[in-house]
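Enquirer: Questions regarding the structure given below will be posed in turn.
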């Protein structure tokens, strides 16, 4: 006799877990080295590498936009998954093609996914982790069985090229994953999430003009207010603290110890922040995925690009344990754990032709 017949409510089944089944990344072909920047800024290769760990970055050409990169990364992720269909498309970005409408519907249409739910997530450099959590929620709720999550940013469109502090850090790029409904104990499953924010410090990382709060006015809006600004020292302190705290939270929720983590995939802000967070968590630095040397800080694209670069370079054993964590403007932060998937197809490198690592 069933529990329902006996007058007892049926035992609810566990919701499906989000399982990573596809991965891809894309960088625009144009490479900008530290020496290129030194030709127009008061800097040099040694100064940039010492302070950031960055040797080069990629930027879009005139006429290109964030959606162009998101489409290329998304197509590669879909190919990697072995199935070109999804129920939803999420694009995490700070640099949408337009203020209105969102970029995700265009990306979906260009990928042949018209009709799928499509929307943007705006959490700056934490956007990809927020996007993963959102997609996992859609899957757990039964709203979607497969979701394409893309982190894509073209910071070259909002960073003042004459701003030495920021022009040396940021690059353009996109990374994407496909998530499907599955079981929490299979390779590729995403574990617990931790998300947070503190809007009292919104001015720590921001573009002051351009929204409804401060509309651009010809002749009155300053050049600085139209471009990305960041208070570096305060960002550094907050990034290390928030990322480490958030990472510990998800490790506790997953029942993992730092020693259980096989690979650490932090937001690729700069090398000092990456190493400081790893040290704070007592994780060996050699377990830290580091892709920023050749691409810089690519915003919401940084974590999926680092994952795609790792998958293209080095075989990773399915079931290996990964810790992801990020920090960005808002302020926002977030973390999650992930077991490495058994992908259907190889992941191509996120760059064209030969490796451009300087």
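In our numbering, the protein residues as written are 19 to 376. The C-beta atom is built at its ideal place from N, Cα and C for all residues, glycine as well.
(1) Which one or two residues does DSSP pair with residue 332 in a beta bridge?
(2) Using the C-alpha atoms, what's the distance from residue 341 back to residue 36?
(3) Give me the DSSP bridge partner(s) of residue 345.
(4) Take residue 162 and list the residues in its own chain whose beta-carbon comes closer than 6 angstroms to its own, dropping the five residues that flank it on each side.
(5) Which residues bound the beta strand (DSSP E) around residue 76?
(6) Please name the residue, chosen from 224, 191, 298, 333, that lies closest to residue 44 on a Cα-to-Cα basis.
(7) Since I believe residue 264 is in contact with residue 214 (beta carbons under 8 angstroms), could you give me their beta-carbon distance rounded to a whole number of angstroms?
(8) Just the C-alpha distance for residue 166 and residue 326, rounded to the nearest angstrom, thanks.
(9) Out of 82, 323, 271, 89, state which residue places its alpha-carbon closest to the alpha-carbon of residue 355.
(10) Under the three-state reduction of DSSP, which class applies to residue 291: helix, strand or coil?
(11) Rounding to the nearest angstrom, what Cα-Cα distance links residue 19 and residue 26 in this structure?
(12) Thinking residue 222 and residue 253 are a contact (beta carbons under 8 angstroms), I'd like their distance in whole angstroms, please.
(13) Starting from residue 210, trace the beta strand (DSSP E) both ways and give me its first and last residue.
(14) Can you tell me where the alpha helix (DSSP H) holding residue 308 begins and where it ends?
(15) Considering only DSSP beta bridges, list what residue 42 is partnered with.
(16) So, using beta-carbon positions, are residue 53 and residue 63 closer together than 7 angstroms?
(17) So does the stretch 87-102 actually touch the stretch 222-242, counting three or more Cβ pairs closer than 8 angstroms?
(18) Can you check whether the CB of residue 322 is closer than 7 angstroms to the CB of residue 193?
(19) Could you please give me the residues that DSSP links to residue 199 through a beta bridge?
(20) Measure the CB-CB distance between residue 158 and residue 148 and report whether it falls below 7 angstroms.
(21) Pick helix, strand or coil for residue 284, following the three-state DSSP scheme.
(22) Closest by CA to residue 339, which one among 346, 364, 358, 351?
(23) Across which residues does DSSP place residue 297 in a beta bridge pair?
(24) Give the secondary structure of residue 237 by DSSP, where H, G and I count as helix, E and B as strand, and everything else as coil.
(25) Could you give the distance in angstroms between the alpha-carbon of residue 129 and the alpha-carbon of residue 93?
(26) Excluding the 5 residues flanking residue 373 on each side, which residues of the same chain have their C-beta closer than 6 angstroms to its C-beta?
(27) May I ask which residues mark the beginning and end of the beta strand (DSSP E) holding residue 89?
(28) Looking at residue 197: is its Cβ nearer than 7 angstroms to the Cβ of residue 38?
(29) Helix, strand or coil: how does DSSP classify residue 63 here?
(30) Distance check for residue 212 and residue 150, CA to CA, integer angstroms please.
(31) From residue 146 to residue 239, what distance separates their C-alpha atoms?
(32) Using 7 angstroms as the threshold, is the C-beta distance between residue 346 and residue 143 below it?
(33) Please work out which residues of its chain come closer than 6 angstroms, Cβ to Cβ, to residue 207, disregarding the five sequence neighbours upstream and downstream, and give them in chain order.
(34) Would you kindly report the start and end of the unbroken beta strand (DSSP E) that includes residue 137?
Expert: From the atom records:
(1) Beta-bridge pairing links residue 332 to no other residue.
(2) Their Cα atoms are separated by approximately 16 angstroms.
(3) Residue pairing by DSSP places residue 345 opposite 351 in a beta bridge.
(4) Sequence-distant Cβ neighbours of residue 162 in its own chain, meaning closer than 6 angstroms and more than five residues away, are 105, 106, 156.
(5) Bounds of the beta strand (DSSP E) holding residue 76 are 74-77.
(6) For the residues 224, 191, 298, 333, the minimum Cα distance to residue 44 belongs to 191.
(7) Yes, they are in contact, since the Cβ atoms of residue 214 and residue 264 sit about 7 angstroms apart, within 8 angstroms.
(8) If you take the alpha carbons of residue 166 and residue 326, they lie about 15 angstroms apart.
(9) Distance from the Cα of residue 355 is smallest, within the candidate group 82, 323, 271, 89, for 271.
(10) Look at residue 291 here: in three-state DSSP terms it is helix.
(11) Any reading at residue 19 must be qualified, since the residue scores a pLDDT of 42, below 50, and its modelled position is unreliable; the value itself is stated next. Going by the C-alpha atoms only, they are around 11 angstroms apart.
(12) Between residue 253 and residue 222 the Cβ distance is about 6 angstroms, and since that is below 8 angstroms, they are a contact.
(13) Start and end: 208-215.
(14) Note, residue 308: premise wrong, no alpha helix (DSSP H); not H, not E.
(15) Assignment of beta-bridge partners to residue 42 by DSSP yields 194.
(16) Result yes, Cβ atoms of residue 53 and residue 63 sit closer than 7 angstroms.
(17) With the cut-off at 8 angstroms, the stretch 87-102 and the stretch 222-242 do not touch.
(18) In contact: residue 193 and residue 322 (Cβ atoms closer than 7 angstroms).
(19) Bridge partners of residue 199: 36.
(20) No, these two residues do not count as a Cβ contact at 7 angstroms.
(21) Reduced to three states, the DSSP call for residue 284 is strand.
(22) If we check each option's Cα against that of residue 339, 358 comes out closest.
(23) Under DSSP, residue 297 takes part in no beta bridge, so it has no partner.
(24) Coil, per DSSP.
(25) Note on geometry: alpha-carbon atoms of residue 129 and residue 93 lie some 7 angstroms from one another.
(26) The predicted position of residue 373 is uncertain, since its pLDDT is 46 and thus under 50; a value taken from the coordinates is nonetheless stated next. Taking C-beta separations shorter than 6 angstroms and ignoring five residues to either side along the sequence, residue 373 has no partners in its chain.
(27) That residue, residue 89, is in no beta strand (DSSP E); its alpha helix (DSSP H) goes 84-99.
(28) Yes, the pair counts as a contact, with Cβ atoms nearer than the cut-off.
(29) It is helical.
(30) Put simply, the backbone Cα of residue 150 is about 11 angstroms away from that of residue 212.
(31) Each residue's CA atom was taken as its position, placing residue 146 and residue 239 some 31 angstroms apart.
(32) Going by C-beta atoms, residue 346 is nearer than 7 angstroms to residue 143.
(33) If we look at residue 207 and ignore the five residues flanking it on each side, its Cβ neighbours are 35, 37, 357.
(34) Boundaries of the beta strand (DSSP E) around residue 137: 135-139.
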